[in-house]
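Set out below in structure tokens:
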């Protein structure tokens, strides 16, 4: 949201790569957003019916949804947040049970950081095969061997660096 807020108010925003996150950003910021038709395969596998089923199964649980989920899913959420926001929410909440509406790998971290609380996946379908291919060991090996180098033309590098530096300066 910091990036969206940093852009001149009258200027429309082309939001990539996730249209659901862009839709959420537009709603929260009341800004004109042009949505790119892309989405996270994992988050679009979560439907409102899945959430209602999980809520019936765990009626005391608070439901946390990632903003890349469909709007119908976000409407059911007690908290809409990215993964770090979900971690903070659990830490600040007096609730003891949570339904997690993001990639199921977050549940492991939540259990580790908050062992006295219980966490349930909103659906078993929220598994990202791409994330599962990445491990600390694979990243270490790639850096050690300097594998998978991507080289961009100098002009593209300059423009990309300018955009990245601007985003990173926002904190």
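In this note's numbering, the protein residues as written are 2 to 172. By construction, the Cβ of each residue, glycine as well, lies at the ideal position given by its N, Cα and C atoms.
Less than 9 angstroms between the C-beta atoms of residue 98 and residue 119, yes or no?
Yes, these two residues count as a Cβ contact at 9 angstroms.
Over what stretch of residues does the beta strand (DSSP E) that includes residue 2 continue unbroken?
Element bounds for residue 2: n/a, residue is neither H nor E.
Assuming the contact rule is C-beta atoms closer than 8 angstroms, residue 111 and residue 46 should be a hit. Round their C-beta distance to whole Å, please.
At roughly 20 angstroms, the Cβ-Cβ gap does not stay under 8 angstroms, so residue 111 and residue 46 are not in contact.
Can you give the Cα-Cα distance for residue 142 and residue 149, rounded to whole angstroms?
Each residue's alpha carbon lies about 11 angstroms from the other.
Return the residue from the list 10, 67, 41 and 91 that minimises the CA-CA distance to residue 132.
For the residues 10, 67, 41 and 91, the minimum Cα distance to residue 132 belongs to 41.
Check for me: the alpha helix (DSSP H) holding residue 144 runs from which residue to which?
Where residue 144 is concerned, the enclosing alpha helix (DSSP H) stretches over 137–146.
May I ask you to report which of helix, strand or coil DSSP gives residue 102?
In the structure shown, residue 102 sits in a strand (DSSP, three-state: E or B).
Just curious, the alpha helix (DSSP H) that residue 119 is in, first and last residue?
Not the alpha helix (DSSP H): residue 119 falls in the beta strand (DSSP E), residues 119–122.
Taking the beta strand (DSSP E) that residue 34 belongs to, which residues open and close that run?
Note, residue 34: beta strand (DSSP E), 34–36.
Given this structure, state the Cα-to-Cα distance separating residue 103 from residue 53, to the nearest angstrom.
In a straight line, the C-alpha of residue 103 is about 15 angstroms away from that of residue 53.
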